[in-house]
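K.L.:
2 protein chains.
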Amino acid sequence: MTFANVGTLGTVPGKRDELVAHLTRRSDQLTEIGCLAYEVGINDEEPNTVFVVELWESDAAHQASLAVPAVQESIAAARPLLSDDFGGFSFDVAGSPLRD
Amino acid sequence: MTFANVGTLGTVPGKRDELVAHLTRRSDQLTEIGCLAYEVGINDEEPNTVFVVELWESDAAHQASLAVPAVQESIAAARPLLSDDFGGFSFDVAGSPLRD
Numbered sequence: 060m061t062f063a064n065v066g067t068l069g070t071v072p073g074k075r076d077e078l079v080a081h082l083t084r085r086s087d088q089l090t091e092i093g094c095l096a097y098e099v100g101i102n103d104e105e106p107n108t109v110f111v112v113e114l115w116e117s118d119a120a121h122q123a124s125l126a127v128p129a130v131q132e133s134i135a136a137a138r139p140l141l142s143d144d145f146g147g148f149s150f151d152v153a154g155s156p157l158r159d
Numbered sequence: 060m061t062f063a064n065v066g067t068l069g070t071v072p073g074k075r076d077e078l079v080a081h082l083t084r085r086s087d088q089l090t091e092i093g094c095l096a097y098e099v100g101i102n103d104e105e106p107n108t109v110f111v112v113e114l115w116e117s118d119a120a121h122q123a124s125l126a127v128p129a130v131q132e133s134i135a136a137a138r139p140l141l142s143d144d145f146g147g148f149s150f151d152v153a154g155s156p157l158r159d
């Protein structure tokens with residue numbers, strides 16, 4: 060079952076665009092490990108926040124991704140850009156009006 | 060610029076699955092008016108909440124959708140299923156690691 064992970068990442072002031080650049084760096088490996096979509100964005104009303112919507116083949120694929128060395132390295136590299144203000148939620152996709 | 064709208068919809072107790080069925084009813088019109096993705100889901104840790112991730116061609120396309128009669132009818136039909144507990148956020152998509 061498709062799994063969605065949606066989050067807000069608070070950044071150190073002034074580091075938002077650097078975090079966006081980091082998170083949007085091309086990674087074909089993400090597709091290989093079951094990532095279906097990974098949209099990164101901003102909202103100028105919250106200038107120290109980066110927004111992420113992720114879709115994964117399954118909850119298990121998302122969990123497993125966190126143990127992949129390249130993902131762990133990416134998280135470690137992002138850490139200096141982050142405040143500790145995280146938000147968001149996750150859910151199992153039940154369907155979409157855009158498909159049967 | 061792709062626009063993302065992410066939300067949590069609190070439901071009247073016991074009405075979650077009815078709201079999921081309502082929101083996932085097939086609508087080709089959504090595609091026609093600029094909706095790129097519309098994922099509806101659940102999380103059993105929050106049994107009276109429905110989760111929605113929407114991607115639109117633009118913020119303007121999303122705004123315009125709210126004035127489309129079929130969308131207004133759908134919102135009106137959903138209203139009896141909803142508590143007034145809404146959450147979420149919206150953002151402009153800056154990119155994705157899955158594409159150049």
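Listed in order, the protein sequences are those of chains G and P. Residues 60 to 159 (this note's numbering) make up the first sequence, in order. Residues 60 to 159 (this note's numbering) make up the second sequence, in order. Cβ coordinates follow ideal geometry from the N, Cα and C atoms, glycine included.
#1: For a cutoff of 8 Å on Cβ pairs, would you count P/F110 as touching chain G?
#2: Measuring only the C-alpha atoms, how far is G/D103 from G/L140?
#3: Which residues in chain P have a C-beta closer than 7 Å to the C-beta of G/T67? List them in chain order.
#4: For G/T83, which residues in chain P fall below 8 Å Cβ to Cβ?
#5: Please report how far the alpha carbon of P/D87 lies from the alpha carbon of P/V130, in whole angstroms.
#6: With which residues is P/D151 paired in a DSSP beta bridge?
#7: Helix, strand or coil: how does DSSP classify G/V112 here?
#8: Going along the chain, which unbroken runs of the alpha helix (DSSP H) with 4 or more residues stay wholly within the segment 119 to 152 of chain G?
#9: Answer yes or no: do G/L82 and G/V111 have a C-beta to C-beta separation smaller than 8 Å?
P.N.:
Considering the structure as presented:
#1: yes
#2: 18 Å
#3: F148
#4: A153, G154, S155 and P156
#5: 12 Å
#6: G/I101 and P/F62
#7: strand
#8: 128 to 137
#9: By the CB criterion at 8 Å, G/L82 and G/V111 fall inside the cutoff.
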